[in-house]
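Undergrad: Got a structure for you, written out below as structure tokens; questions coming shortly.
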Amino acid sequence: VQLQASGGGLVQTGGSLRLSCAASGSISSIYDMNWYRQTPGKQRELVARITSGGTTNYADSVKGRFAISRDNAKNTVSLQMNSLKPEDTAVYYCRLRTSFGPDYWGQGTQVTVSS
Numbered sequence: 001v002q003l004q005a006s007g008g009g010l011v012q013t014g015g016s017l018r019l020s021c022a023a024s025g026s027i028s029s030i031y032d033m034n035w036y037r038q039t040p041g042k043q044r045e046l047v048a049r050i051t052s053g054g055t056t057n058y059a060d061s062v063k064g065r066f067a068i069s070r071d072n073a074k075n076t077v078s079l080q081m082n083s084l085k086p087e088d089t090a091v092y093y094c095r096l097r098t099s100f101g102p103d104y105w106g107q108g109t110q111v112t113v114s115s
């Protein structure tokens with residue numbers, strides 16, 4: 001299984017970006033798909049999560065600004081990021097968790113928000 005993340009880039013404060021993550025390969029029983037982010041010297045933090053049933057959770061810092069969605073048929077997850085702030089600058093990673101098997105991580109995509 002491979003996860004391919006895309007959509008990162010450089011944007012000004014207040015701007016928007018949309019990240020996408022496509023999973024390929026043989027995948028059975030997806031539990032949820034997540035977006036994490038990490039900055040140098042800090043632990044990777046969960047940004048948003050969406051379960052196979054569509055339940056979503058967000059970090060407090062992004063509530064009301066970010067929206068996670070998924071296409072179950074295509075095994076893709078997206079993260080719409082609006083009203084971006086400099087503190088959103090990080091490498092963003094997608095993660096796929098299966099119900100009974102391993103977890104998978106994407107390669108990361110850089111998001112930079114200039115002030």
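Anchor point for the sequence shown: position 15 equals 15 in our numbering, and the numbering is continuous, going up by one each time.
Ideal Cβ positions, reconstructed from N, Cα and C, are used throughout, including at glycine.
Considering only C-alpha positions, which residue in the set 115, 11, 114, 108 is nearest to residue 35?
TA: By one-based count along the sequence shown, residue 35 stands at place 35. It is 108 whose Cα lies nearest to the Cα of residue 35.
Undergrad: Where do the ends of the beta strand (DSSP E) carrying residue 98 lie?
TA: Taking the first residue of the sequence shown as position 1, residue 98 is located at position 98. Run containing residue 98: 90-98, per the beta strand (DSSP E) assignment.
Undergrad: Answer with buried or exposed for residue 79, where buried requires no fewer than 16 other C-beta atoms within 10 angstroms of its C-beta.
TA: Reading the sequence shown from its first residue, position 79 is the one you call residue 79. Label assigned to residue 79: buried.
Undergrad: By a C-beta neighbour count over all protein chains shown, 10 Å radius and 16 as the cutoff for buried, is residue 100 buried or exposed?
TA: Locating residue 100 in the sequence shown gives position 100, counting from the first residue. Per the 10 Å Cβ criterion, exposed.
Undergrad: What number of angstroms, rounded off, separates the C-alpha of residue 52 from the C-alpha of residue 31?
TA: Here residue 52 is taken as the residue at index 52 of the sequence shown, counted from 1. Here residue 31 is taken as the residue at index 31 of the sequence shown, counted from 1. Answer to the nearest angstrom: the Cα atoms are 6 Å apart.
Undergrad: Rounded to whole angstroms, what's the CA-CA distance from residue 63 to residue 1? Just pull it up for me.
TA: Position 63 of the sequence shown, counted from the first residue, corresponds to residue 63. Position 1 of the sequence shown, counted from the first residue, corresponds to residue 1. Their backbone Cα atoms lie some 30 Å apart in a straight line.
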